[in-house]
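K.L.:
Numbering (the working numbering), first residue to last: 24 to 414. All residues carry an ideal CB built from backbone N, CA and C; glycine is no exception. A quick note: this is a predicted structure, and the numbers were derived from the prediction, not measured. Take this structure first; my questions come after.
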């Protein structure tokens, strides 16, 4: 039994990218197959008949998972904490410059970049999207003006919720996978570990402030309630995981448990992503004009984050540190973003985050190829310099 669990954990680690894509496709397919004309009709009827329709139509699997969001988020976050040690923060003192630079680029530059993209998203797509939507529901104005206004406001809220999701991507901490990519590229792994751990601990205190500052114009944000949610679902599980590792580590080697922790976090994140995609499909099918803005904005986020981090760090640090800073700043902890979206927001805020999993993965692969070539060039230059010195 134990052997099967470890094999499953190994499978999740090796096939995580495929599992992400599969769950995304499954969420879309199930959402599409379960979409019926009643989903459209209930938006154009009274609250009483809407409740009747919802009572007699089956719930989406994603809607069932939504009812268990908080436990899923805690199950996802706590194992992440188990992979972090208190000792790792001591590494920050060895490279204060790199650590502070990584925090600033990840949490501040990333947030401002995503805010800029969300602002462009609203200014470019909102007028045309709302105009087309208004024309499509114009007949409704004649027999039920209240329903017309309600649907118009809902469409407006859909756009602002997507914009809020884009901002949220920029505010969350560095992804744990950044450490893996840094190691594969022979980068500065200790620096990547410190940035990942540091941003994970600091994020719960910064995210409410950043979201109010950058997304407060889009949606109403209760910063105090958001901090309380982050405290219970992110900070305490992280600290609990770290303390548990500290306690167990005194008696036995915890290394064998780390793959299990990663697998548990990954599976929980996949469930949350499936829920976001699955529940978002009916909304997109009723508002097809939202699909293009959603895809275009998310396609741009991660290449810009990666490129900005690389450009800002390459002149100040060695190549190894540049690799760590590029991946620690370019890769965001989207599972954490999903958890925040599910516990602190409503509507389509989580949808850009869920779709972002695929584009972040693709961007990481592309930059891997680019940095691998640069690494080879650096090695060739170093060998050439050595040969010149020998002569």
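Comparing C-alpha positions only, which one of 84, 199, 230 and 103 sits nearest to residue 55?
P.N.:
Stepping through the chain shown from its first residue, residue 55 is reached at position 32. Of 84, 199, 230 and 103, the residue nearest in Cα terms is 84.
K.L.:
Can the beta-carbon of residue 377 be found closer than 9 Å to that of residue 47?
P.N.:
The residue labelled residue 377 in the question sits at position 354 within the chain shown. The residue labelled residue 47 in the question sits at position 24 within the chain shown. Their beta carbons are under 9 Å apart, which means residue 377 touches residue 47 by this criterion.
K.L.:
Taking Cβ to Cβ, would you say residue 195 is nearer than 9 Å to residue 363?
P.N.:
Along the chain shown, one-based indexing puts residue 195 at 172. Along the chain shown, one-based indexing puts residue 363 at 340. In contact: residue 195 and residue 363 (Cβ atoms closer than 9 Å).
K.L.:
DSSP beta-bridge partners for residue 338?
P.N.:
Here residue 338 is taken as the residue at index 315 of the chain shown, counted from 1. DSSP, once it has assigned bridges, lists no residue as partnering residue 338.
K.L.:
Whole alpha helix (DSSP H) runs in the segment 351-391 with 4 or more residues, listed along the chain?
P.N.:
Within the segment 351-391, the complete alpha helix (DSSP H) runs of at least 4 residues are 357-367.
K.L.:
Return the residue from the list 343, 246 and 245 that minimises the CA-CA distance to residue 205.
P.N.:
Numbered from its first residue, the chain shown carries residue 205 at position 182. The option with the nearest alpha carbon to residue 205 is 343.
K.L.:
Along the chain, which unbroken stretches of the alpha helix (DSSP H) at least 4 residues long are found entirely within the segment 254-324?
P.N.:
DSSP runs (the alpha helix (DSSP H)) wholly in the segment 254-324: 259-272 and 281-309.
K.L.:
So for residue 332, helix, strand or coil by DSSP?
P.N.:
Residue numbering aside, residue 332 sits at position 309 when the chain shown is read from its first letter. If DSSP states are grouped into helix, strand and coil, residue 332 belongs with the helices.
K.L.:
Under a CB-based cut-off of 9 Å, is residue 40 close to chain D?
P.N.:
The question asks about chain D, but that chain is absent: this structure has only one protein chain.
K.L.:
Which same chain residues end up closer than 6 Å to residue 286 when comparing Cβ atoms and leaving out the 5 residues on each side of it in sequence?
P.N.:
Against the chain shown, residue 286 aligns to sequence position 263. Excluding positions up to five away in sequence, the list reads 32 and 35.
K.L.:
Roughly how many angstroms lie between the CA atoms of residue 290 and residue 369, to the nearest whole one?
P.N.:
As a working mapping, residue 290 is identified with position 267 in the chain shown. As a working mapping, residue 369 is identified with position 346 in the chain shown. One C-alpha to the other measures close to 22 Å.
K.L.:
Within 10 Å of its beta-carbon, does residue 123 have 16 or more other beta-carbons around it, so buried, or fewer, so exposed?
P.N.:
Stepping through the chain shown from its first residue, residue 123 is reached at position 100. Classification of residue 123: exposed, given that the 10 Å Cβ count is below 16.
K.L.:
Among the residues of its own chain, which have a CB less than 6 Å from the CB of residue 357, if the five just before and after it don't count?
P.N.:
Position 334 of the chain shown, counted from the start, is the residue given in the question as residue 357. For residue 357, where only same-chain residues beyond five positions count, the Cβ hits under 6 Å are 376, 379 and 380.
K.L.:
From the DSSP output, which residues share a beta bridge with residue 238?
P.N.:
Within the chain shown, numbered from 1, the residue matching residue 238 stands at position 215. Looking at the DSSP assignment, residue 238 forms no beta bridge with any residue, so it has no partner.
K.L.:
Would you mind sorting residue 338 into buried or exposed? The rule is 16 or more other CB atoms within 10 Å of its CB.
P.N.:
Here residue 338 refers to the residue found at position 315 of the chain shown. Result: exposed.
K.L.:
So if DSSP puts residue 220 in a beta bridge, which residue, or which two residues, is it bridged to?
P.N.:
Along the chain shown, read from residue 1 onward, the residue named residue 220 stands at position 197. Paired residues: none, contrary to the question.
K.L.:
Is residue 104 near residue 262, with beta carbons less than 9 Å apart?
P.N.:
For the purposes of this step, residue 104 is taken as residue 81 along the chain shown, with counting starting at 1. For the purposes of this step, residue 262 is taken as residue 239 along the chain shown, with counting starting at 1. In contact: residue 104 and residue 262 (Cβ atoms closer than 9 Å).
K.L.:
Is residue 238 near residue 203, with beta carbons less than 9 Å apart?
P.N.:
Here residue 238 refers to the residue found at position 215 of the chain shown. Here residue 203 refers to the residue found at position 180 of the chain shown. Cβ atoms of residue 238 and residue 203: not closer than 9 Å.
K.L.:
Using only the alpha-carbon positions, how far apart do residue 276 and residue 266 sit?
P.N.:
Locating residue 276 in the chain shown gives position 253, where the first residue counts as 1. Locating residue 266 in the chain shown gives position 243, where the first residue counts as 1. Roughly 15 Å between the two C-alpha positions.
K.L.:
Using only CA atoms, which one of 270, 372, 57 and 228 lies nearest to residue 192?
P.N.:
Start at 1 with the first residue of the chain shown, and residue 192 comes out as number 169. The candidate whose alpha carbon is nearest that of residue 192 is 372.
K.L.:
Determine the DSSP secondary structure at residue 197, reduced to helix, strand or coil.
P.N.:
Translated into the one-based positions of the chain shown, residue 197 becomes position 174. In this structure, residue 197 counts as strand in the three-state DSSP scheme.
K.L.:
Residue 101 lies in the alpha helix (DSSP H); which residues open and close that run?
P.N.:
Locating residue 101 in the chain shown gives position 78, where the first residue counts as 1. Unbroken alpha helix (DSSP H) run through residue 101: 92-105.
K.L.:
Select from 210, 86, 292 and 213 the residue whose C-alpha is nearest the C-alpha of residue 43.
P.N.:
Residue 43 sits at position 20 when you count from the first residue of the chain shown. When only C-alpha atoms are compared, the closest one is 292.
K.L.:
Does residue 244 come out as helix, strand or coil in the three-state DSSP assignment?
P.N.:
Indexing the chain shown from 1 puts residue 244 at position 221. Note: residue 244 maps to coil in three-state DSSP.
K.L.:
What are the boundary residues of the alpha helix (DSSP H) that includes residue 125?
P.N.:
As a first step, residue 125 must be located in the chain shown, where it is residue number 102. Its alpha helix (DSSP H) spans residues 119-126.
K.L.:
So, using beta-carbon positions, are residue 317 and residue 307 closer together than 9 Å?
P.N.:
Residue 317 sits at position 294 when you count from the first residue of the chain shown. Residue 307 sits at position 284 when you count from the first residue of the chain shown. Yes; because the gap between Cβ atoms is below 9 Å, this pair is in contact.
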